[in-house]
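One structure is given below, encoded as structure tokens.
Protein chains in written order, with the UniProt record's numbering: chain A, 1 to 493; chain B, 1 to 166.
Structure representation (structure tokens):
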């Protein structure tokens, strides 16, 4: 993204500038480019803007004040200074090259050329169409703040700054995309975040040479992470400013991408995806309980189906006390196929639920529950136990707080079911082992993915299992290599 | 300001040494994967219980059959595992690779099931074990080996990196 050797300077002849603009940005072709020419003290003054990115009231206001110059001033030699004074806006800058002019114009700034001057005024009054902060759908809490990041990067960074009013909070703006010129903001605490980490992330972002990252954060993520084919999410997304702010305090780096409300938290481990803001709003013990239940749910979503399938195929593995497990009536299709069909069917339902318009959702729910569930059992396609176990496993995956993680787990779950179906107990043991080894081997920017379980870190593991009260957890997690290890002074006692 | 910075850096020192952290890892690993081994024995994935190694080979009192026997066995495994972690710490801690841990686990398995098998009176010979017992126990040892090995190696590597960065 660093080029511009042959810069074209702003010409003192205003007509040259106009021809350049016509050629470069297609002034009379694109309808959304606004252009206005007025005469001030017998000099031509031109105004360029992008309709839709600037408020038309402000444009009128600017025109009005500029035209009043004709009534109040007489010295046409000082027109530049007069115009500068009359533009009473917060951010007015002077630029000298046409490239800057074009970049600024297309970002939604207003450009003013004055005939005879080698500069252009750039007025920042842009106003992007967007929504106001709302509570994110995927990270709801019962109590606590209800604001969420928006598609506007300035609002998102502002929401973070509101939570950390620290002089050492850094919001570094980068631009990505030769054509899209998307703003990317790298946010970190200068005296906490590891220098190497910040540098690696910035280098990776600066190295991106692509025409556009219109899918915003996801595309950027694919450029940042190394294992591009891993099903597991190697970064964590959040739309909650409080979650992002607490990660900043822990020494993580947050990356915002303009046009996306999801902030990227780096680096992340498997267990980061198991956390949810909700447990930090509960009493520590209740929070711990919630976490425990969630671990069980995720564990079930991964292993329940393959283990049950193994017991169905080879009942000899069951101890005497548990011999009742297994279907009473196997149905007409082998259990392996029933489970695979069931998993695929549930995926149909899930995808349909995303795309179905709300008025049809009730109808879809009825079809799913009554027709598919009940009648499939009645006609003998599925055994009732199969439906039960598939449902429990599916609910387990919906409990996973990170959507990306639950989808990855589902893939692994399907893989394990297939392995057990084909190879029985070997499929299960070797399958689980290779899954674990794969997870251990994964890295998110040099961070082992299964930390703090493997590699084991006793203190961090306690923080994962128990939701420790904030006054008792005074050190930052070592995995981000914080420069400053303590979030509060250690008590003398 | 300079002094303050120094103080903060002094504070950064971990309260536990590398060795004691490694031994703790070994202990926890023993408890965790010993229990997993017992679960595998319960579900007949393996005919050999960790209990038959550490307890039943020497003591055949009645209490060893009950839950007390299980708990004592798991604790013994934890202590045994501290020794194993010490071996890894002494020999292989400088190899920062997951595969060192995996290999370590396989070697441990070989020791337990082949080399030292004659010591334990109620462990059947390798040729008499069923295939799924062999596969299950190898898997268990591999994951145990990578838990102990990778943890110690990573901790060593991380501490060295931290010292290098000062």
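Backbone N, C-alpha and C fix where the C-beta goes; we use that ideal spot for every residue, glycine too. Everything numeric in this text was worked out from a predicted model, so none of it was measured.
Following the DSSP letters along the chain, one finds residue 199 (chain A) in no beta strand (DSSP E) but inside the alpha helix (DSSP H) bounded by residues 195-207.
Contact annotation: residue 37 (chain B) and residue 148 (chain B) have beta-carbon atoms that are not nearer than 8 angstroms.
When C-beta atoms of the region 440-459 of chain A are compared with those of the region 143-160 of chain B, three or more pairs fall below 8 angstroms, so the two segments count as touching. Secondary structure of residue 171 (chain A) (DSSP, three-state): strand. The DSSP assignment places complete beta strand (DSSP E) segments of no fewer than 3 residues inside the region 118-157 of chain A at 120-123, in order along the chain. From the listed residues A:66, A:184, A:142, the smallest Cα separation to residue 264 (chain A) is found for A:184. The residues 86, in chain order, have a CB closer than 6 angstroms to that of residue 65 (chain A) in the same chain once the five nearest residues on each side in sequence are set aside. If you draw a 10 Å sphere on the C-beta of residue 48 (chain B), you find 16 or more other C-beta atoms in it, and that means buried. Spanning the alpha carbons of residue 105 (chain A) and residue 244 (chain A) requires a straight line of approximately 32 angstroms. Three or more beta-carbon pairs separated by less than 8 angstroms link the region 39-53 of chain A to the region 12-25 of chain A, which places the two stretches in contact. Here residue 359 (chain A) carries a helix assignment [DSSP, helix/strand/coil]. Within a 10 Å sphere around the beta-carbon of residue 472 (chain A) sit fewer than 16 other beta-carbons, which makes this residue exposed.
Non-local beta-carbon contacts of residue 437 (chain A) in its own chain, meaning distances under 8 angstroms to residues more than five positions away in sequence, are absent. Residue 352 (chain A) carries a helical assignment under DSSP once its states are collapsed to helix, strand and coil. At a C-beta separation below 7 angstroms, residue 25 (chain B) has these neighbours in chain A: 456. Take the alpha-carbon of residue 428 (chain A) and the one of residue 308 (chain A): they are about 11 angstroms apart. When secondary structure is reduced to three states using DSSP, residue 46 (chain A) falls in the strand class. Taking C-beta atoms as the reference points, residue 460 (chain A) and residue 482 (chain A) fail to come closer than 8 angstroms. Around the beta carbon of residue 488 (chain A), fewer than 16 other beta carbons lie within 10 angstroms, which makes this residue exposed. The beta-carbon of residue 43 (chain B) is placed less than 8 angstroms from the nearest beta-carbon of chain A.
In the DSSP annotation of this structure, the continuous segment of the alpha helix (DSSP H) that includes residue 104 (chain B) starts and ends at 98-110.
Annotated three-state conformation of residue 323 (chain A) is coil, per DSSP.
Using a Cβ-Cβ distance cut-off of 8 angstroms, the region 323-335 of chain A and the region 391-411 of chain A are not in contact, since fewer than three pairs of beta carbons, one from each stretch, lie closer than that value.
Among the residues facing chain B, residue 302 (chain A) is not included, as its CB has no counterpart in that chain under 8 angstroms away.
A straight-line Cα-Cα distance of about 31 angstroms links residue 300 (chain A) and residue 53 (chain B).
Residue 92 (chain A) and residue 121 (chain A) do touch by the CB rule: their CB atoms are close to 6 angstroms apart, below 8 angstroms. Taken through DSSP and simplified to helix, strand or coil, residue 232 (chain A) comes out as coil. Its Cα nearest to that of residue 225 (chain A), the residue A:267 stands out among A:463, A:267, A:63. For residue 183 (chain A), the enclosing beta strand (DSSP E) covers residues 182-189. Residue 137 (chain B): member of the alpha helix (DSSP H) spanning 131-165, first to last residue.
Partner residues in the beta bridge of residue 54 (chain A), as assigned by DSSP, are A:51, A:126. Secondary structure note for residue 266 (chain A): its beta strand (DSSP E) is the uninterrupted segment 263-266. The beta carbon of residue 425 (chain A) falls within 8 angstroms of a beta carbon belonging to chain B, placing the residue at that interface.
When C-beta distances to chain A are compared with 7 angstroms, the residues of the region 123-154 of chain B below that value are 132, 135, 136, 139, 142, 143, 146, 147, 150, 151, 154, in chain order. Following the DSSP letters along the chain, one finds residue 299 (chain A) inside the alpha helix (DSSP H) bounded by residues 284-313.
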